[in-house]
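Residue numbers (full-length UniProt numbering), protein chains in the order written: chain A, 1 to 356; chain B, 1 to 356; chain C, 1 to 356; chain D, 1 to 356.
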C-alpha cells in the first residue's frame, strides 16, 4: 500500500541537502482488519506542523516512518463486530489517529490523553487506506466536504485548547502564531466569546488571513512593539487568555508580559525537547497569579469538533492540494510556508457531501 | 425631579381598566450626592420585562414606585471622594442599579448577588438624573452609543446566564423565549460557542428577529411539535444547554425533555411567586443527570458585558423610543409586545460616541 | 453456577406474602471468558439499596434476575489478551459492574455514565464467580481487606456525589438519609472539607453511627424541627451543600429550604418512577440561585474510590455477613433495616490482605 | 501607639550585624477612626514568613515600616456607620489586613486580589490597636480562642491555596515546605480530600510536626531521594496536586518531576524578585499537561477560613508567645526557626472564648 513516509531522519529545513530529512512514498504492508476495526479509503490527508518534527526524530528514528493523522475518507470495510456506532460501508468519515484503551488507569480516570496504550492503533494515514478501531472513526455531517473533513483532527486540538482556556464570554484573547493551529484556534475562539481577539505573527500573509477570519487586531512582533500594542488593545488590562500556537522559544518569552492579572496562558504547540523557558515566579505566579498549562492530545474534543466544523471557514486552509505520489513536493510546499496548510489527495473520491 | 413610577398597583394587562396597574410621571425629590457618589444625567432608560412585575407588587406595594434600572447617561457631578475609577464630569456612562456593600458575608464570600444591603442604592433611573455610588458606574467605550449603552444591564444578565451554562465550544443550545433577555442571550450564546442554536418562541416577529441575529433554527411551540423538532435539530442527542428566558409556567414544562443527558438548564427569568414546576427526579436528575440552576442578579458580569457591547447588534432592540413625559404610552407599547424593547429618552443629550 | 436472583417480582416489603417479591439462589450458566475478560472468584458481594427496586421490576420483570454488583474477589482466569492493566491470577480485586464501550458518542465525549452499551457486561456478581471485561477490574491495595473491598462500588458513588458537589473547603454540608450511601457520603464529605456536617435521618441507630464517623450534628426529622435546627447549625446561612441519599419523596421536599443561597443540592438516590417533586422556580432557582443535580452511575470515580478506601472506616458497614446459600435470610435482614449494609460471602477465601 | 516596625532595612539573617535589618518597637500616631471603621484592641499578632522580606525592602525601604497583619483582638470602638455586619464593642474578632475598594475593575470583576486600592487600609497590626474598615473585620466563633484566632489570615491563605488546587477527593497531594503556611496547608488539604499526603521538608522537627497533624508520609529532600520516594508513595503515578510553600528556588526545581500527568502545581509562597525557574515546556506543559499557578492574596477565602478554624489543631503553631515590648527577641526566635510560628501578645486581654 502506497504510504508517505520519512525515509531519512533530519531537518527538512537543513540547507545541507546531504543531511536534510527526506520524505518519500513507499510500500507498506496492508494494515490488518480486526473484528472491531474499520478500513477507510483515504480521500485527503493533511500535513501537520508536527510532521517535520517526526522527520527530525522527535518520536523515534527508525525509518521509514509512515506519516499522516489528519484525514478523511470513505468506509471500505468493517470488522464483523464493528457495529457500536452504526457505521456503514460507504460512509464519509474522519477520525482520531489515537485509540484509547479504556482499561489503563488514565483512561478509567477520565484522562485518556495519558492512555498507556495510546500508540497501539496509530497507523500512517497519508496512504491509500488506513485501518482504525471503530472508536476512532466519526461520520462527517452531510454539509462538510471530504476536503474540509480532513481538518477534523487539528480542529479537535483547537477545541481542546479552547476548553483549557476556561474562557468566559467577553474575555480578551491573544494568539501567538498564525499557522494552521493558530488560525483554527482563532476561528474557534472567535466563536467562543473572545473580544479584542489579536493574532501575533511575523508573516504578513498569515496576519491578513487572520483579519479575514475574525481577528480584531494583528501584531507583527518584528516591526511593532507588541507590549505597547497589547496595552492599547486591552486598555492597559492585558489579555485574559493567551494562546501560544507558535512553538517558538523566541516568541513564547514575551507572552507572560501581555497576559492580564489572573490570566490563563496555554502552550498549545510542540517545543524543542531541551528548551527551558525562564519563568519568574514572583512576577508571574505570585504577583499576577497567572495559570500556565498545555495541550498534548485531545480526547473528548472530537464530538464537538465535528459539531463546529460547519461553522468554520476552511477554504483557505485547504487550497493547496497535491496527489499522493507528489508528496515530496507537497512537503516542500509545506516547508516553504506559502500556505498555512498543505493537503495530500490520497485517492480521487467523488464526494457526496457539500463541495468546497 | 421628573420620574416614571408605578402609581397604582395592578396588572398592566388587566382588561378591567379600574383594576389595571398605572404608570405615570411624578416628581421625586433629588437623590442626595454622597462623597463617593456620582450624579448621572440620564440619556436613555429602557423598560425591563420585570417592570410590569413591579407594577403588580412583586417587590412591594407602596406607590409611587419609581422605575428604571437599564440606563445610560452623562456624569453631571461627582462626590468629593468619587475618584476610585477615574470618572470625570461629562463621561458617557451606564451602570448597575445595585450597589454591593462589600461588608456582609455574601459580599466577602464572592457572592455579591446575595448582598444583604443590595437595595441601599437602588434608585429609580427612569428619571432626569440618577445618583449612584461610584462602584455602580461604568464608562462606555467610545464605539458604543448612549442609546445602545442603556442595554448594559440586560446584557450583563445575558452574560451571567452564559457564565452559568458552563458551555463548551460546540455545545448545542436552545433558548426559550424571544423577549429582550432571550434575544440578548441568543446573541451572547452565538458568540460563546453555541451550535444548533435554536429559539423557541410563539411570536413570529421574534423568531424572525432571532434568525436575523444568529439563530440556526427557530421553533414555534404552538404550531410545531417541539420535541420532534429538537430531536431532528440535535440528531437525537438533545440540547446540551437549555435557557429559559420566558418566565412562562407553560413554556418551562417541556424544557427538560429536550435537554440532552448531562445538560444544563438555566432558569433565567422571573416566575410567578406560587408556581411550582413538577420535577420528575427519577427521569431528569437520576437517569439524565441534568443540572438545573437560575440567575437572580449579575454582579461580576458587568466588565465583560461592557466588553461585548460593541460586538452585539442592538439596533432592533432600541428602535422604539419615547420621551420621558410619554412614559405611559411607552409602557402601553411595551405591553403590546410589538417591540421586544421600548426605551425612554430621559434627556436630549448630544452623543459624542458612536451613533446608532 | 449458584447465583442470587430475584425469583418473583414484587415489593420485598409487601405485607401480603403471596404478592411479595422473592429472592432465591438459582443455577445460572457460566459466563463466557472472552479474550479481554477476567474471571473473578467472588469473595463478598454486598446487597445494594437498589436491589429491592430491581425486585420491584424497576429495570425489567423477566425472572430470574441475577443480582450483585458490589463485590470483591480473586482473579481466577484471564483471557488471552487481558493484559492491559497487568492483572495476574490470584490478584485480589474489586470493580465496576458496568463496562463502558469507548465507541459511542457519550463515551467519546467523556460522559461514560451515558454509554449506549452500558449493560453489555452487567452480570450478576452475587454468585460463585463473575466474568468481567478487564476494564472493569481494579486491584485492591494491600491494606484493604476483601471484606472492605466489596464496598468499592458504593464508595465510587459517594465519590461521584462528592465530585458533583463542587465543595470548597469549609462549606457547610447536610446529608439526608443514613443508609449505606448516606453513611459513605458522610465519611467522604468529612474527608473532603465539610464543616457543620449534619445527617438528617429518622432511625436513631443510623444517626448514632454517623456521629461515630464524623458527623458534627444529626437531626431527627420526625421529632425535631429540621428547619430550626438547620438554622442554628449554620447560624442562619443554610447549608452550602445538601445531599439526598434517602430517595424518599417525603424527605426530599424540605431540602431546598435548608440550602444556603447559591447552594448545590445533589439528588444521589433512586426515586419512584412517577414521583414529581414540586419545585418553586421563583423561590429556589431565581431568588436563591440553587443548583440541583443528580447522579446516575459513576465512571471516572473508581481510581479515587480505590485510593480513599484505606481512609474510610468500613467495619460497621460490613458487620452483617451471610453465606451465599442464606441469601434469602440476608435480604430479610437487609429489609429489616437493622444494619445499613448486609454482605453475602460467596466463597470462603483466605484473605492475604489487611484483615478487617 | 506602640508598634513593632522595621527600623533598618536589611536581611534579618545577615551575619554582619552592622548591615542586618532591625526590628524595634516605636511610637506611631493613632490611626483615624472613619465612619465605617472599627478600632480593635489587639490581643495577638503573629510574625509572618513574609515579614523578613519586608525587612529586606520587598515592598519599600522607608523606615520605620510598621508590621503585623495576622491578628486577633477585641472591638474597642465603632465608626458611626459601621453597622453592616452587626459588630458590637467587645466582640472578639480577627480579620483581613487588606481592604478591597469594590469600585475598581478587578473588584467589580470578582478578582479582588488585584484591587487597585488594596493598600489603602493596610495598617500595622503588631500594635496596641489597629483600625480597619468594617469589611475587614470578622467575628470569631465562640469556640476559637483569641490566641488561635490570630491565625485566621494565614489560614485564609491555606484555604485559597486549597481552592486553587481544584482537588478532587482521593487526589494524591505533596506539600513542599513545613513552615506555617505549609503546616496549615497540610491540615487544610488533609481535611479536603488528600490521600498519600506528603510533606517535603529538610528540618526534622517540622516533618515530625506534620506527621502529628495528618501527613501520611514525609520526605527529607537532603538525605533522601525525593524522586524515588515520590514514586513509591504514589505507585509510580506522581502527585495529582503539588503545593510549594517553601519559596525556595532550590526546592521548587524538582517539584515538576514528582507531579502526576495532568497535575496542578501551586506556587504558594513569595519568591526572590529576580529568580527565574527554568521551565521545560515540552516535558511539563506539552507531554505532562501540568497546570502551574500561584497565590498572591486571598479575598473570598475568609468566611470559609473562619468556618474551618475550629477543625484545625493550632496549638503547636501558637506555642511561642512574646510580649509586644519583646518584639526584637520574638523576631530573633522566628529567625532561629525553632518554632514554625511566633506570636506577639500586644495586650493582655482576658479571653471569653475557648481557651487554648
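Glycine included, each C-beta is placed from N, C-alpha and C at the ideal position.
Keep in mind the model is a prediction, meaning the values are calculated, not measured.
Residue i in three-state terms, based on DSSP
i                      : result
residue 291 of chain A : strand
residue 341 of chain B : coil
residue 303 of chain D : helix
residue 332 of chain A : helix
residue 351 of chain A : coil
residue 258 of chain B : helix
residue 279 of chain B : strand
residue 13 of chain B  : coil
residue 71 of chain C  : strand
residue 105 of chain B : helix
residue 192 of chain C : strand
residue 264 of chain A : strand
residue 217 of chain A : strand
residue 308 of chain B : helix
residue 19 of chain A  : coil
residue 298 of chain B : coil
Contacting residues, own chain, Cβ-Cβ under 8 Å from residue i (five flanking each side not counted)
i                      : result
residue 155 of chain A : 184, 188, 305, 308, 309 and 312
residue 289 of chain B : 261 and 262
residue 349 of chain B : 41, 43, 73, 74 and 146
Boundaries of the alpha helix (DSSP H) in which residue i is found, first to last residue
i                      : result
residue 227 of chain A : 226-233
residue 199 of chain A : From DSSP, residue 199 of chain A is part of no alpha helix (DSSP H) but of the beta strand (DSSP E) over 195-200.
residue 206 of chain C : 204-212
residue 252 of chain C : 249-252
Run of the beta strand (DSSP E) containing residue i, from where it starts to where it stops
i                      : result
residue 3 of chain D   : 2-8
residue 53 of chain A  : Taken as a continuous stretch (DSSP letters only), residue 53 of chain A belongs to no beta strand (DSSP E), being part of the alpha helix (DSSP H) at 51-55.
residue 129 of chain C : 129-133
residue 239 of chain C : 239-244
residue 24 of chain A  : 22-27
residue 92 of chain A  : 92-95
residue 46 of chain D  : 37-46
residue 323 of chain C : 321-323
residue 138 of chain A : 137-139
Rounded Cβ spacing between residue i and residue j (contact assumed at less than 8 Å)
i                      : j                      : result
residue 193 of chain A : residue 192 of chain B : 4 Å
residue 353 of chain B : residue 140 of chain B : 6 Å
residue 343 of chain C : residue 44 of chain C  : 5 Å
residue 103 of chain B : residue 153 of chain D : Rounded, the Cβ-Cβ distance is 18 Å, inconsistent with contact.
residue 55 of chain A  : residue 21 of chain A  : 4 Å
residue 100 of chain C : residue 107 of chain C : 5 Å
residue 250 of chain A : residue 277 of chain A : Not really, about 11 Å apart at Cβ, beyond 8 Å.
residue 275 of chain B : residue 282 of chain C : 7 Å
Same chain, Cβ closer than 7 Å to residue i, five either side skipped, listed in chain order
i                      : result
residue 19 of chain C  : 10
residue 129 of chain B : 1, 39, 40, 41, 42 and 76
residue 215 of chain D : 186, 197, 198 and 199
Residues near residue i in its chain [Cβ-Cβ closer than 6 Å; skip 5 each side]
i                      : result
residue 292 of chain D : 265
beta-carbon residue i near the ligand FMN non-hydrogen atom, thresh 7 Å
i                      : result
residue 126 of chain B : You won't find the ligand FMN in this model; it holds no ligand whatsoever.
Which full runs of the beta strand (DSSP E) of 3+ residues lie inside the segment 150-188 of chain D, going along the chain? 172-176
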